[in-house]
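Novice: Attaching a single structure in C-alpha cells format; questions to follow.
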Amino acid sequence: MFSELGISISVATTMFLKQVVRYNGIPFELRVDPFYSVENQTRLLESKKRMEQAGGTVHELIEVDNDEIMG
Numbered sequence: 000m001f002s003e004l005g006i007s008i009s010v011a012t013t014m015f016l017k018q019v020v021r022y023n024g025i026p027f028e029l030r031v032d033p034f035y036s037v038e039n040q041t042r043l044l045e046s047k048k049r050m051e052q053a054g055g056t057v058h059e060l061i062e063v064d065n066d067e068i069m070g
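Just so we're aligned, residue 0 is where the sequence shown starts under numbering that gives the first Met the number 0, counting upward by one.
This is the structure we're talking about:
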C-alpha cells in the first residue's frame with residue numbers, strides 16, 4: 000500500500016509520529032461503527048426473529064463485483 004504512495008513503511012511511520020506530535024494526539028478521528036453497537040445488534044436480532052415467525056427466510060449477503068454487473 001505505501002509503495003503505491005511512493006513511501007516505505009518506515010517513512011509512513013515517521014510521518015504519522017510527527018503528526019501525533021503536531022496535533023498533540025492522534026491526527027485523525029477515531030470512531031466506532033454504530034452498526035456493531037449492542038443496541039443495533041439487539042434490534043437486528045429481534046427483527047430477524049419477527050421475520051422468521053412471519054414465515055420469512057434469512058439469506059446471506061452475496062457481494063458481487065461491479066464489473067460483473069456492468070458486463
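Don't be surprised by glycine CBs; every beta carbon is placed ideally from N, CA and C.
#1: With respect to the alpha helix (DSSP H) encompassing R30, which residues constitute its N-terminal and C-terminal limits?
#2: Can I8 and F1 be called in contact, C-beta distance under 8 Å?
#3: From I6 to T12, what distance separates their C-alpha atoms?
#4: Would you kindly report the start and end of the unbroken alpha helix (DSSP H) that includes I8?
#5: Do I25 and V19 have their C-beta atoms closer together than 8 Å?
Specialist: So, to answer that:
#1: Premise fails: R30 is in no alpha helix (DSSP H) and is neither H nor E.
#2: yes
#3: 10 Å
#4: I8 to Y22
#5: yes
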